[in-house]
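Here the structure comes first, spelled out in structure tokens, and everything after it is commentary.
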Amino acid sequence: MLGFERGRIHPTAIISQSATLAPDVTIGAHVIVYDNVTLGSETIVGPNSILGEPSASFYTAGGQVNPPLTIGPRALIRSGAIIYGGTTIGSDFECGHRVTIREKAEIGSHCRLGTLDDIQGHCTIGDYARFHSNVHIAQGTVVGKFVWIFPYTTLLNDPQPPSTLNRGPIVEDFAVIATSVVVAAGVRIGRDSFVAARSVVTKDVSPETMVIGSPARPVVRTPDIRSAETGEPMYPWRDHFDRGMPWAGIGYDQWKARQDEMHREEV
Amino acid sequence: MLGFERGRIHPTAIISQSATLAPDVTIGAHVIVYDNVTLGSETIVGPNSILGEPSASFYTAGGQVNPPLTIGPRALIRSGAIIYGGTTIGSDFECGHRVTIREKAEIGSHCRLGTLDDIQGHCTIGDYARFHSNVHIAQGTVVGKFVWIFPYTTLLNDPQPPSTLNRGPIVEDFAVIATSVVVAAGVRIGRDSFVAARSVVTKDVSPETMVIGSPARPVVRTPDIRSAETGEPMYPWRDHFDRGMPWAGIGYDQWKARQDEMHREEV
Amino acid sequence: MLGFERGRIHPTAIISQSATLAPDVTIGAHVIVYDNVTLGSETIVGPNSILGEPSASFYTAGGQVNPPLTIGPRALIRSGAIIYGGTTIGSDFECGHRVTIREKAEIGSHCRLGTLDDIQGHCTIGDYARFHSNVHIAQGTVVGKFVWIFPYTTLLNDPQPPSTLNRGPIVEDFAVIATSVVVAAGVRIGRDSFVAARSVVTKDVSPETMVIGSPARPVVRTPDIRSAETGEPMYPWRDHFDRGMPWAGIGYDQWKARQDEMHREEV
């Protein structure tokens, strides 16, 4: 068998007897699955990944029960991932290579993480979050739904390091944080806002606001940003971009109307 | 056998029957070689590497033929590399640990990539390119020959993310891009130019120009830059630096004259 | 056996006969230990790590003796580390996942490196250094004791790249370098100083000085920095932070007095 074969567990994989795997999972070569891991249906785990990685005390003290790691159905976990015990990931998760996700991360459904992303745990990431490569998320961070974060961007939690303070940033729905941004501890980045590349965000960013610079300052309302090529409005991005989004093919407004209607029926 | 032994394939390596390996290749422990991979003579593949990594549809749909990955002779691929099918790499390639090279990268000869470089594919990289650690190359990028790029520098392709636009930058021959630079989508960086550390390049950079800042602005012509230690001109760097270059020991001008002469003879 | 089991060597590990392992070491799955590696008592090596990685000539020429790698007692090396031969690491070392430490690094005791740190070798790192994720240390760097460096910070050594110059920076004891900083070649960063996030340090930083910006300029003496939350002084940080430090529970002053007394007795 090659590095993986659909629907099979590679003979070189090392799987804990306490793991709960859906019968149709695919597990690649050299994968390690520690205790208390649950994998949903149709999940694919690329070679060399480690699931249910224990925290430090497990190594040093021994004998502890590893906390559960639960990954929902249809995950595509590319090779070299390390995901700790104590974390929960929703359905339809996808990630690039060699991501690290530490303990107590609560990750929604349909999220995508890029190669080498470094999620430090003790954080919340909303549905349909899209992180490109090499995004660093400090403990205590709260990321909303439909948030985009681009490479080498770091969200921090210690206002005056080193200290024992932990003030994770909050990023609201539909916000976009471009490449190589530093988001300082405790900052709130508003819904539909846009943080330009290489900014250092030291103060809250209002909704529908573009900020730029170090320290980042507001420069324009995002609804006023036009495409340099077509002159059309570019934000909110949900009005013109739907790849991988639940409104693909029908548009955000129609999807939202249906969602609202379903919600009323439920109520 | 240890992690590798010259001229041998480690017994723990997992090699597709459709792979074409020169008889003298060295393959380290736990390496995975998927379908349609061709490795040139004297190539060394460090442990834990994955060659011919399939794209997402291979995982999810199954049954596809993986596109070919071709790597020229005398490659030294350090441990933990992930190189996708559909990519071509010339002779005398060398890379650090855990590089990622995605599909449809066209990489020339004598290139060197650093540890953790993240080549997103659908791009061109010229002969003798030198990337240090943690360089991020977006899809659509075109990098010329003899280009240097330093750590944590990112070349981007989406002018107003997220969008469906793809405007990879162009970097011309002999350009140098220092550490932690952001190169915006669609920018052209001219031959023999120098981009200072931590710049954000939002406009084209003229040949023989040093730019600095965010946004980057021209400050000096590169031929006018002097060594702080000797007072000698530092650029074009090919006039005083030859380590690993084809003009090593003879100087660029003599090498170039020979090249031109050979080319005339061929014509 | 799972990915590791305390006090045992995983059957999938590949260990050189010339390695010297304390009898109580723990070695995880798929680990490779090359020639001339010495591991101290109670050391734990996570899965997929490579210890004693050879330099390029070993691969290409073959037959060389790999220089020794020595790691002191009680190290916790998380999965995916690559540590070269020719390096020395003191006692009580701890690191995150997938660190790279090249040859001729001299690393003190009680040091902690973060996930994906990239130590380029030929450098010195003092006791109790604390590097967060994705720190890049160029060859020639000298880092003192009790130094903190935060993510995506790079220390450089070539003032006019590419050149054959090698001017590693010097970072003195107790200095703090925040996130995404670039430290230029040859710079000295003084004791008890603080470099703010996203700065570019191009000139020496005096002791007890906070610098910020690009290029970084002094803005305040660190003893004058107050907590935004309590109004108390935040630096020197040793007066209020002791997690993992030798003065934990007793305070720096009392610890230092004891150290000085012990030193007098020794003399």
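Protein chains in written order, with the numbering used here: chain A, 2 to 268; chain B, 2 to 268; chain C, 2 to 268.
Cβ coordinates follow ideal geometry from the N, Cα and C atoms, glycine included.
- One alpha carbon belongs to C:Gly127, the other to C:His137, and they sit about 16 Å apart.
- Contacts with chain A at 8 Å (Cβ-Cβ) do not include C:Val32.
- For C:Thr61, the secondary structure class from DSSP, reduced to helix, strand or coil, is helix.
- A distance of 8 Å or more separates the beta carbons of B:Asn158 and B:Ala130.
- For C:Glu54, the secondary structure class from DSSP, reduced to helix, strand or coil, is strand.
- In this structure, the alpha-carbon of A:Asp118 lies about 28 Å from that of C:Thr88.
- Nearest Cα to A:Leu70 within the set A:Ser58, A:Arg103, A:Ser42: A:Arg103.
- DSSP places A:Ala130 in the coil class of the three-state scheme, outside both helix and strand.
- Just so you know, the alpha carbons of B:Val46 and B:Gly29 end up roughly 6 Å apart.
- Contact annotation for B:His133 against chain A: no contact, minimum CB-CB distance about 14 Å [criterion: below 8 Å].
- The stretch 173-188 of chain C makes contact with the stretch 150-164 of chain A, as at least three CB pairs between them are under 8 Å.
- In the three-state reduction of the DSSP assignment, B:His137 falls in the strand class.
- Contact note: C:Pro48 reaches chain A through Ile33, Ile51, using a C-beta cutoff of 8 Å and chain order.
- For C:Tyr85, none of the residues of chain B pass the 8 Å Cβ criterion, the least Cβ distance being about 10 Å.
- For the 8 Å CB-CB criterion, B:Gly109 and B:Phe132 do not form a contact.
- Contacts with chain C (Cβ-Cβ distance below 7 Å) from the stretch 187-206 of chain B involve Ala198, Arg199, listed in chain order.
- Put simply, the CB of B:Val221 is far from chain A, with every gap to its CB atoms at 8 Å or more.
- Ranking A:Ile72, A:Ala76, A:Phe59, A:Leu52 by CA distance to the CA of B:Tyr60 puts A:Ala76 first.
- When DSSP states are grouped into helix, strand and coil, C:Arg239 belongs to the helix group.
- Excluding five sequence positions before and after C:Thr39, the CB atoms of its chain that fall closer than 6 Å to its own CB belong to Thr21, Thr71, given in chain order.
- For A:Glu95, the number of other beta carbons within 10 angstroms of its own is at least 16, and it is reported as buried.
- Of A:Val188, A:Ser215, A:Ala198, the smallest CA-CA separation from A:Pro208 is found for A:Val188.
- The continuous stretches of alpha helix (DSSP H) do not include B:Glu107, which lies in the beta strand (DSSP E) extending over residues 106-108.
- The Cβ atoms of C:Tyr236 and C:Asp205 lie no closer than 8 Å to each other.
- The shortest C-alpha to C-alpha distance from A:Thr27 to any of A:Gly169, A:Ile120, A:His11, A:Ile251 is the one to A:His11.
- Not flagged as an interface residue toward chain A: C:Ala185, since no C-beta distance is shorter than 8 Å.
- In terms of CA proximity to A:Arg222, A:Pro234 leads the group A:Ala229, A:Pro234, A:Ser215, A:Gly214.
- Spanning the alpha carbons of A:His123 and A:Arg168 requires a straight line of approximately 12 Å.
- With distances taken between CA atoms, B:Gly191 lies nearest to B:Pro219 out of B:Ser80, B:Ala198, B:Pro219, B:Arg199.
- Boundaries of the alpha helix (DSSP H) harbouring A:Ala258: 253-267, taken from the DSSP string.
- Closer than 8 Å to the CB of C:Trp149 there is at least one CB belonging to chain A.
- With fewer than 16 neighbouring CB atoms inside 10 Å of its own CB, B:Ser58 falls in the exposed class.
- For B:Ile15, no CB of chain C lies under 8 Å from its own CB, so it is not counted at the interface with that chain.
- Note: B:Asp119 is bridge-paired with B:Thr101, B:His137 in the DSSP secondary-structure output.
- Counting along the chain, the unbroken beta strand (DSSP E) around A:Thr71 starts and ends at 70-72.
- With respect to C:Ala197, C:Val212 sits close: the two C-beta atoms are nearer than 8 Å.
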